[in-house]
Amino acid sequence: MTAGLYHGTHDVVYAATESNTIYAIDADSGTVLLSPNFGTPIQHPLYCDNNGPNVGINSTPVIDPTSNTLYVMVYTLQNNTPAYLLHALDLGSLMDKVAPQLVTASGLLTDGTTLNFNATYQ
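Sequential numbering from 797 applies to the sequence shown in the numbering used here.
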């Protein structure tokens, strides 16, 4: 990858944290090449202490080597409401390639009511 002030090609390890930060780390030297943050994580969601004090990036990011894209799910506040946002990041800059997408869903239940996805609970 070629990134920011660090010109040239690097073997990179990507690490994501519950604090919503992604690190691009040079695998040979250990130098942190990039470390953008993607918003305030949710603190103790529903008073759950399973993870730690924060829940931010909890799932494993996915790399598409064909498009040089890292996909990551970020749990943060949007308009003071917990929300999951899917980011498609450029591997070289860790900048959004497109606007993050809010995860939404709904389904019709057998009793005829609609269940709407709520990031606070699901």
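Just so you know, even glycine gets a beta-carbon here, dropped at the ideal spot from N, CA and C. What you are looking at is a predicted structure, and each value in this text was computed from that prediction instead of being measured.
### Task
Determine the direct distance from the alpha carbon of Phe834 to that of Leu881, and round the result to whole angstroms.
10 Å
### Task
Hey, could you find the ends of the beta strand (DSSP E) Thr862 is sitting in?
Segment: none, Thr862 is in no beta strand (DSSP E) and carries neither H nor E.
### Task
List the residues that DSSP assigns as beta-bridge partners of Ile838.
Val851
### Task
Reducing DSSP to helix, strand and coil, say where Leu829 ends up.
strand
### Assigned secondary structure, His806 (DSSP; H/G/I helix, E/B strand, else coil)
coil
### Task
Indicate the three-state DSSP secondary structure (helix, strand or coil) for Ser889 in the structure shown.
coil
### Task
Label Ala895 either buried or exposed according to how many other C-beta atoms from any shown protein chain fall within 10 Å of its C-beta, with 16 as the threshold for buried.
exposed
#### Entry: Strand pairing of Val870, partner residues [DSSP]
Leu881
#### Entry: Whether Thr865 touches Leu890 by CB criterion (8 Å)
no
### Task
Put Gly908 into one of helix, strand or coil per three-state DSSP.
coil
### Message
By the DSSP assignment, the beta strand (DSSP E) with Asp822 in it spans what residues?
### Response
Ile818 to Asp822
### Task
Would you check if the distance between the CB atom of Pro837 and the CB atom of Gly852 is smaller than 8 Å?
yes
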